[in-house]
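Participant:
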Amino acid sequence: MCGRYSLALPLSLIQQMLEDDGVQIEDIAMNEGSEAHHQSYNFAPGSNGVVCRAGTSNSSVEFRDKGHNGSDNKSPRGEASSLGNREVIKYILQSMKWGILPSWSKQNVAPTRGVINCRDDSLRTTGGMWQSIKGRKRCIVVAQGFFEWLNVSGKEKHPYFIKRRDGHLMCFAGLWDSIQHQDAGNRSYTYAIVTTDSNQQLRFLHHRMPVIFDAGSKEFHQWLYPLQQRWTNDLQSLLKPFQGELDIYPVNKKVGKVGCSSPSFIMPLSHNSDKHGISQFFPQASEKSAAENSETPGEIRKRESDNNQHLIFPSSKRDVPERADSPRKHKADSSSYPPPKKRRVKPAPQGVQRITDFFGQMQHEKRNK
């Protein structure tokens with residue numbers, strides 16, 4: 001199961017990282033206002049995430065079947081390609097809400113009640129809620145990493161963050177759907193993350209994990225291939241545990257609180273200033289103050305260490321609004337301060353030389369040379 005992940009990157013950086021891996025983004029379909037892409041180090045169900053899906057040159061955002069049965073089509077690798085029927089595959093970034101609502105469900109259900117995960121074995125059989133979705137509504141859910149909680153003892157659980165060791169984006173296999181709201185007149189797009197058995201690295205923490213593709217890989221393109229309009233064994237075979245290397249480490253327990261977001265949530269406890277920094281002597285300091293002091297507004301920093309390579313921490317001016325009545329620092333005027341008091345120097349005990357005597361002796365010898 002995947003119930004929380006991290007995505008605190010701006011769209012421009014997400015697009016750049018995908019294109020660096022060979023996924024050419026042709027269009028960005030992002031909502032505004034309350035349905036806009038949500039940046040958070042603690043991304044929870046019901047939030048608006050970023051997904052990548054494929055269409056064709058004639059379909060723009062939504063691909064519609066034009067007579068292709070898709071029975072034996074194989075996905076192209078790499079950049080958008082011509083299909084011989086004058087259609088070109090386009091990769092699109094779109095904001096959707098996490099928690100899928102099938103198009104046939106009640107049209108005014110609260111988005112937070114959507115299904116957030118889809119087990120890979122539930123896609124093997126026909127029927128069920130995924131039957132009308134899995135054939136032609138596949139997507140990639142973009143993330144920096146995800147969280148799982150380790151049962152320590154009784155009710156005590158400790159959060160762990162899981163990310164790729166190579167620093168690339170995590171590309172989860174996903175399914176999406178849309179629903180028309182009669183009252184509001186708008187259409188909502190929602191998604192779920194496909195999960196499979198955990199790999200050897202993660203098994204100590206949880207028995208399930210998201211299906212993770214390498215961006216730009218053959219599996220990535222095959223999963224998104226828009227002309228594949230029905231579910232096949234080839235698609236099912238893509239759903240397997242991640243074979244690459246992962247970094248898995250305990251993080252700040254405050255990540256368990258939905259709505260809280262801080263760069264410390266994806267940092268190992270050994271590098272977390274809340275545990276080993278000066279703030280440990282000030283237990284009443286707020287999480288917000290620590291976040292404000294840790295980043296410079298408007299910058300995107302890359303921190304590298306042996307256990308945390310290529311971890312990107314974008315800051316946002318929206319996170320720290322400047323108050324109009326906030327005090328400003330001014331340069332101190334030396335004339336407004338009284339002169340320092342003269343301090344009496346106690347004579348050194350007999351037989352003990354002061355350090356100033358040592359340097360004075362050196363200057364005396366230098367002049368006599």
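The opening position of the sequence shown corresponds to residue 1 in UniProt numbering, with each subsequent residue numbered one higher.
Backbone N, C-alpha and C define an ideal beta-carbon position, used for all residues, glycine too.
1) What residue does the alpha helix (DSSP H) around residue 221 start on, and which one ends it?
2) Could you check the C-alpha separation between residue 171 and residue 90 for me, to the nearest Å?
3) Consult DSSP for residue 28 and reduce its assignment to one of helix, strand or coil.
4) Exposed or buried, what is residue 127 when buried is set at 16 or more other beta-carbons lying within 10 Å of its beta-carbon?
5) Would residue 54 and residue 189 qualify as a contact pair, given that the criterion is a beta-carbon distance under 8 Å?
6) Using the beta-carbon count (16 or more within 10 Å), is residue 125 buried or exposed?
7) Are the CB atoms of residue 162 and residue 246 nearer to each other than 8 Å?
8) Using the Cβ count rule (16 or more neighbours within 10 Å means buried), how would you classify residue 87?
9) Per DSSP, what are the beta-bridge partners of residue 191 in this structure?
10) Using 8 Å as the threshold, is the C-beta distance between residue 142 and residue 14 below it?
11) For the beta strand (DSSP E) that contains residue 247, what are its first and last residues?
12) Under 8 Å, do residue 242 and residue 140 count as touching if we go by C-beta distance?
13) Helix, strand or coil for residue 304 per DSSP?
14) Give the DSSP-derived three-state secondary structure of residue 267 in the structure shown.
15) Return the Cβ separation of residue 50 and residue 101 in integer angstroms, given the expectation that the two are a contact with Cβ distance under 8 Å.
16) Considering only their Cβ atoms, is the gap separating residue 175 from residue 215 smaller than 8 Å?
17) Whole angstroms are fine: how far does the CA of residue 207 sit from the CA of residue 160?
18) Which of the three DSSP states is assigned to residue 170 in this structure?
19) Find the nearest neighbour of residue 199 within the set 244, 262, 219, judged by alpha-carbon distance.
20) Using C-beta distances below 6 Å, list every residue in its chain close to residue 197, excluding the 5 sequence neighbours before and after it, in chain order.
21) Where does the unbroken beta strand (DSSP E) through residue 157 begin, and where does it stop?
22) Are the CB atoms of residue 6 and residue 144 nearer to each other than 8 Å?
23) Could one say the Cβ of residue 135 lies closer than 8 Å to chain B's Cβ atoms, at least one of them?
24) Output yes or no for whether 8 Å exceeds the beta carbon distance between residue 248 and residue 202.
25) Roughly how far, in whole angstroms, is the beta-carbon of residue 205 from the beta-carbon of residue 150, given that I think they are within contact range, below 8 Å?
26) To which residues of the same chain is residue 37 closer than 7 Å at the C-beta, ignoring the five residues directly before and after it?
27) Taking 6 Å as the limit between beta carbons, can you name the residues of its chain near residue 20, skipping five residues before and five after?
28) Is it the case that the Cβ atoms of residue 236 and residue 135 are separated by a distance below 8 Å?
29) Quick one, which of 92, 254, 28, 46 has its alpha-carbon nearest residue 56's?
30) How would you call residue 177, buried or exposed, if buried means at least 16 neighbouring beta carbons within 10 angstroms?
31) What's the gap between the Cα of residue 231 and the Cα of residue 219?
32) Taking the straight line between their C-alpha atoms, what separation do you get for residue 9 and residue 252?
33) Pop quiz: residue 191 and residue 130 are said to be a contact at Cβ under 8 Å. What is the actual Cβ separation, rounded to whole angstroms?
34) Taking only the alpha-carbon atoms, compute the straight-line gap between residue 187 and residue 46 and give it to the nearest angstrom.
35) Identify, in the order they occur along the chain, each residue of the same chain with its Cβ nearer than 7 Å to the Cβ of residue 41, setting aside the five sequence neighbours on each side.
Facilitator: Let me spell this out:
1) Residue mapping note: residue 221 aligns to position 221 of the sequence shown, counting from 1. Start and end: 218 to 224.
2) On the sequence shown, residue 171 is found 171 positions in, with the first residue counted as 1. On the sequence shown, residue 90 is found 90 positions in, with the first residue counted as 1. Near 17 Å, if we compare the C-alpha coordinates of residue 90 and residue 171.
3) Position 28 of the sequence shown, counted from the start, is the residue given in the question as residue 28. Looking at residue 28 - three-state DSSP - the assignment turns out to be strand.
4) Residue numbering aside, residue 127 sits at position 127 when the sequence shown is read from its first letter. That one is exposed.
5) Counting from one through the sequence shown, the residue named residue 54 turns up at place 54. Counting from one through the sequence shown, the residue named residue 189 turns up at place 189. No; because the gap between Cβ atoms is not below 8 Å, this pair is not in contact.
6) The sequence position of residue 125 within the sequence shown is 125, counting from 1. So residue 125 counts as exposed.
7) Residue mapping note: residue 162 aligns to position 162 of the sequence shown, counting from 1. Residue mapping note: residue 246 aligns to position 246 of the sequence shown, counting from 1. Yes, Cβ-Cβ distance for residue 162 and residue 246 is below 8 Å.
8) On the sequence shown, residue 87 is found 87 positions in, with the first residue counted as 1. Buried: at least 16 other Cβ atoms inside 10 Å.
9) Your numbering for residue 191 matches position 191 in the sequence shown. According to DSSP, which records beta bridges pairwise, residue 191 is partnered with 98, 176.
10) The sequence position of residue 142 within the sequence shown is 142, counting from 1. The sequence position of residue 14 within the sequence shown is 14, counting from 1. Yes. Within cutoff.
11) If you number the sequence shown from 1, residue 247 lands on position 247. Element bounds for residue 247: 246 to 250.
12) Sequence index remark: in the sequence shown, residue 242 carries index 242 (1-based). Sequence index remark: in the sequence shown, residue 140 carries index 140 (1-based). No, the Cβ-Cβ distance between residue 242 and residue 140 is not below 8 Å.
13) Here residue 304 corresponds to residue number 304 of the sequence shown, with the count starting at 1. Low confidence applies here, because residue 304 scores a pLDDT of 32, under 50, leaving its location unreliable; read the following figure in that light. Looking at residue 304 - three-state DSSP - the assignment turns out to be coil, as it is neither helix nor strand.
14) Residue mapping note: residue 267 aligns to position 267 of the sequence shown, counting from 1. DSSP places residue 267 in coil when its eight states are reduced to three.
15) The residue labelled residue 50 in the question sits at position 50 within the sequence shown. The residue labelled residue 101 in the question sits at position 101 within the sequence shown. No, residue 50 and residue 101 are not in contact; Cβ-Cβ is about 18 Å, not under 8 Å.
16) As a first step, residue 215 is located in the sequence shown; it is residue number 215 there, counting from the start. As a first step, residue 175 is located in the sequence shown; it is residue number 175 there, counting from the start. Not in contact: residue 215 and residue 175 (Cβ atoms no closer than 8 Å).
17) Position 160 of the sequence shown, counted from the first residue, corresponds to residue 160. Position 207 of the sequence shown, counted from the first residue, corresponds to residue 207. Separation of residue 160 and residue 207 (C-alpha to C-alpha, rounded to the nearest whole angstrom) is 14 Å.
18) In the sequence shown, counting from the first residue as 1, residue 170 sits at position 170. Strand at residue 170.
19) Against the sequence shown, residue 199 aligns to sequence position 199. Measuring from the Cα of residue 199, the nearest candidate turns out to be 244.
20) Along the sequence shown, read from residue 1 onward, the residue named residue 197 stands at position 197. Answer for residue 197: 241, listed in chain order.
21) Counting from 1 along the sequence shown, the entry for residue 157 is found at position 157. Per DSSP, residue 157 is one residue of the beta strand (DSSP E) stretching across 156 to 164.
22) Position 6 of the sequence shown, counting from 1, holds the residue named residue 6. Position 144 of the sequence shown, counting from 1, holds the residue named residue 144. Yes, the pair counts as a contact, with Cβ atoms nearer than the cut-off.
23) Structure shown: chain B not included; a single protein chain is present.
24) By one-based count along the sequence shown, residue 248 stands at place 248. By one-based count along the sequence shown, residue 202 stands at place 202. It is a contact, given that the beta carbons lie within the stated cut-off.
25) Walking along the sequence shown from the start, residue 205 turns up at place 205. Walking along the sequence shown from the start, residue 150 turns up at place 150. Indeed, because the Cβ distance is near 6 Å, the residues count as touching under 8 Å.
26) Here the question's residue 37 lines up with position 37 in the sequence shown. Result list for residue 37: 11, 30, 48, 50, 95, in chain order.
27) Counting from one through the sequence shown, the residue named residue 20 turns up at place 20. Nothing meets the Cβ criterion.
28) Looking up residue 236 in the sequence shown gives position 236. Looking up residue 135 in the sequence shown gives position 135. For residue 236 and residue 135, no; Cβs fall outside 8 Å.
29) Within the sequence shown, numbered from 1, the residue matching residue 56 stands at position 56. Residue 56 has its Cα closest to that of 92, out of 92, 254, 28, 46.
30) Here residue 177 is taken as the residue at index 177 of the sequence shown, counted from 1. Answer is buried; the Cβ neighbour count reaches 16.
31) Here residue 231 refers to the residue found at position 231 of the sequence shown. Here residue 219 refers to the residue found at position 219 of the sequence shown. C-alpha separation (whole angstroms): 15 Å.
32) Reading the sequence shown from its first residue, position 9 is the one you call residue 9. Reading the sequence shown from its first residue, position 252 is the one you call residue 252. Each residue's alpha carbon lies about 20 Å from the other.
33) Numbered from 1 along the sequence shown, position 191 holds the residue referred to as residue 191. Numbered from 1 along the sequence shown, position 130 holds the residue referred to as residue 130. Not a contact, Cβ separation roughly 13 Å.
34) Taking the sequence shown and counting its residues from 1, one reaches residue 187 at position 187. Taking the sequence shown and counting its residues from 1, one reaches residue 46 at position 46. Between residue 187 and residue 46, the C-alpha separation is close to 16 Å.
35) Indexing the sequence shown from 1 puts residue 41 at position 41. Counting only Cβ-Cβ distances below 7 Å, and skipping sequence neighbours, we find 6, 8, 261, 262, 263, 265, 266.
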